[in-house]
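Here the protein sequences line up with chains A and B, keeping their order. Per full-length UniProt numbering, the very first residue in the first sequence carries number 1; after that it's consecutive. Per full-length UniProt numbering, the very first residue in the second sequence carries number 1; after that it's consecutive. All residues carry an ideal CB built from backbone N, CA and C; glycine is no exception. For reference, the structure discussed in these notes is given below.
There are 2 protein chains.
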Amino acid sequence: MTVTASRTLTDDVADRIVSAADALFYTRGFQAVGMDEVRTAAGVSLKKLYQQFPSKEALVLAVLRVRHALWETGVAEAVAAATTPREKLLAMYDYLASWFQDDSFRGCGFINAFGELGSVFPSVAELARDHKESFQSYVESLVTSAGADESLAPQLALLAEGAQTTAAISGNPIAATHARAAASVLIDAALAARS
Amino acid sequence: MTVTASRTLTDDVADRIVSAADALFYTRGFQAVGMDEVRTAAGVSLKKLYQQFPSKEALVLAVLRVRHALWETGVAEAVAAATTPREKLLAMYDYLASWFQDDSFRGCGFINAFGELGSVFPSVAELARDHKESFQSYVESLVTSAGADESLAPQLALLAEGAQTTAAISGNPIAATHARAAASVLIDAALAARS
DNA sequence: TGACTTTGAGAACGACCGTTCTCTAGAGTG
DNA sequence: CACTCTAGAGAACGGTCGTTCTCAAAGTCA
Numbered sequence: 001m002t003v004t005a006s007r008t009l010t011d012d013v014a015d016r017i018v019s020a021a022d023a024l025f026y027t028r029g030f031q032a033v034g035m036d037e038v039r040t041a042a043g044v045s046l047k048k049l050y051q052q053f054p055s056k057e058a059l060v061l062a063v064l065r066v067r068h069a070l071w072e073t074g075v076a077e078a079v080a081a082a083t084t085p086r087e088k089l090l091a092m093y094d095y096l097a098s099w100f101q102d103d104s105f106r107g108c109g110f111i112n113a114f115g116e117l118g119s120v121f122p123s124v125a126e127l128a129r130d131h132k133e134s135f136q137s138y139v140e141s142l143v144t145s146a147g148a149d150e151s152l153a154p155q156l157a158l159l160a161e162g163a164q165t166t167a168a169i170s171g172n173p174i175a176a177t178h179a180r181a182a183a184s185v186l187i188d189a190a191l192a193a194r195s
Numbered sequence: 001m002t003v004t005a006s007r008t009l010t011d012d013v014a015d016r017i018v019s020a021a022d023a024l025f026y027t028r029g030f031q032a033v034g035m036d037e038v039r040t041a042a043g044v045s046l047k048k049l050y051q052q053f054p055s056k057e058a059l060v061l062a063v064l065r066v067r068h069a070l071w072e073t074g075v076a077e078a079v080a081a082a083t084t085p086r087e088k089l090l091a092m093y094d095y096l097a098s099w100f101q102d103d104s105f106r107g108c109g110f111i112n113a114f115g116e117l118g119s120v121f122p123s124v125a126e127l128a129r130d131h132k133e134s135f136q137s138y139v140e141s142l143v144t145s146a147g148a149d150e151s152l153a154p155q156l157a158l159l160a161e162g163a164q165t166t167a168a169i170s171g172n173p174i175a176a177t178h179a180r181a182a183a184s185v186l187i188d189a190a191l192a193a194r195s
């Protein structure tokens, strides 16, 4: 309860651990990073680490949950900055473009987690599924707001998924531009086709 | 040089190792499978395994190379079965659809390998890049054969990539259908736009 | 102060991994 | 029959991992 002890940061200990772990896991993969390295990067004792997250699996899940929240707010902000429903749909790809520019970009953390841990930890596979489903329904809401048939939604989501893996593997952020161009054509076609 | 010794199969030892390793790696991930398990599944001695592949990295690369070859011939066969240039482009997604039906489908092996090992083994990242680039140029050749602008190619490739990850994580092969429908719209738009 | 609790640093543990080594049995050769 | 060479089975090795334990220092409260 002393005030001096927690003066340095408003960060909770768990937050510091999660953000350190996220940076390591995302950059190098999950199994390539040990708990000891997470402890060092977060600057906490091993005991504290394990009392916040009882296992590595729990830590991975916490990291993914934070990543999901950051993704959701990032996309929502980019969409909110756009004006027309059509531009709101395209804003997703602009957000992707700015993400791909980041030097540390290495693909979608959920796709990576699913590939590496999905069959070892069903909880990870489930979280990845939830993340993608949540994105799908968000796109669906934008599509219906735009007045287009909802069959457009999975198509636009597919472009976003493909852009992420393509940009990661090729190292070229232009995939976002291609996705945006394709989305623009699909949206126009869907809007032209409505009754 | 005796005939009796190799009567059981025409398989070379290396082939047996690679196909056993591929099944294990693809299903469970690379780091989750040890060399000892590969040896048991392939039915060879540890010595023979290491004299065929001097390290796990070499085995992983061999597995990925075979996967690349199988993918290329699979796509090429599906495309060859189609008649018109437009149908040849759409045949890619039919091939994806049949792949997604496979119970063991768990996404693109190269995307998974890139996520798990890409930053630990640059050779894996390079192979994944080569694989995707090769697919891109194949799509490009189909697009130009169809007489469409070559800017269509990366868009169609994006749909294929997105379908693979979406189908893997959701466990639902319908992503191939969505990708095909989107591709159909994009192709029609591109063909209508040519001079 | 003194008993009790909490904490941090890191040693320790058991399991497993990639890789190498040992040892033995069998085949080929003179 | 003796001698060499190969190859298979698996023990062994050094390292690392996730997790737990030890122990001493620091804090808490009567």
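Excluding five sequence positions before and after R86(B), the CB atoms of its chain that fall closer than 7 Å to its own CB belong to A146 and I187, given in chain order.
Secondary structure at P173(B): coil, using DSSP grouped into helix, strand and coil. Under a criterion of Cβ atoms nearer than 9 Å, the residues of chain B adjacent to K132(A) are, in order, T165, T166, I169 and S170.
In this structure, H131(B) is the residue among S137(B), T165(B), A179(B) and H131(B) with its C-alpha nearest to the C-alpha of R65(B). Looking at the backbone, the Cα of S119(A) and that of T27(B) are separated by about 7 Å. Looking from the CA of W71(A), the closest CA among F53(A), Y93(A) and Q51(A) belongs to Y93(A). Membership of Q51(B) in the alpha helix (DSSP H) is indicated by the continuous run L46 to Q52. Setting aside the 5 residues that flank it on each side, L59(B) is surrounded in the same chain by A21 and F53, each with a C-beta closer than 6 Å to its C-beta; the list follows chain order.
Nearest to V143(A) by C-alpha distance, out of A14(A), S55(A), V79(A) and G74(A), is V79(A).
The residues R16, I17 and A20, in chain order, have a CB closer than 6 Å to that of A42(B) in the same chain once the five nearest residues on each side in sequence are set aside. With respect to V13(A), K47(A) sits apart: the two C-beta atoms are not nearer than 8 Å.
Contact annotation: the stretch 123-130 of chain B does not touch the stretch 149-161 of chain B, with fewer than three C-beta pairs closer than 8 Å. In the structure shown, A32(B) falls within a coil segment according to DSSP collapsed to helix, strand and coil. Interface annotation, V143(A): not in contact with chain B, CB-CB separation never under 8 Å. As the crow flies, the alpha-carbon of S55(B) is around 11 Å from that of A62(B). By the Cβ neighbour-count rule, E77(B) is exposed, with fewer than 16 other Cβ atoms within 10 Å of its own. Annotated as distal: E116(B) and G162(A), with beta-carbon spacing of 8 Å or more.
DSSP places T144(A) in the uninterrupted alpha helix (DSSP H) bounded by P122 to S145. Residues of chain A whose Cβ lies closer than 8 Å to the Cβ of L186(B) are, in chain order, A182, V185 and L186. A buried status is given to R180(B), since no fewer than 16 other beta-carbon atoms sit within 10 Å of its beta-carbon.
Taking 8 Å as the threshold, the shortest C-beta distance from I111(B) to chain A falls below it. Looking at the backbone, the Cα of C108(A) and that of A192(A) are separated by about 33 Å.
The residues Y26, T27, N112 and A168, in chain order, have a CB closer than 8 Å to that of R106(B) in the same chain once the five nearest residues on each side in sequence are set aside. Within chain A, the residues placing a beta-carbon under 9 Å from that of F114(B) are R106, G107, N112, G115, T165, A168 and I169, ordered along the chain. When C-beta distances to chain A are compared with 9 Å, every residue of the stretch 41-65 of chain B stays at or above that value.
For T27(A), the closest Cβ of chain B is nearer than 8 Å. At a Cβ-Cβ threshold of 8 Å, L24(B) and T166(A) do not count as neighbours.
Taking C-beta atoms as the reference points, T40(B) and A97(B) fail to come closer than 8 Å. The C-beta of Q136(A) has 16 or more other C-beta atoms within 10 Å across all chains shown, which makes the residue buried.
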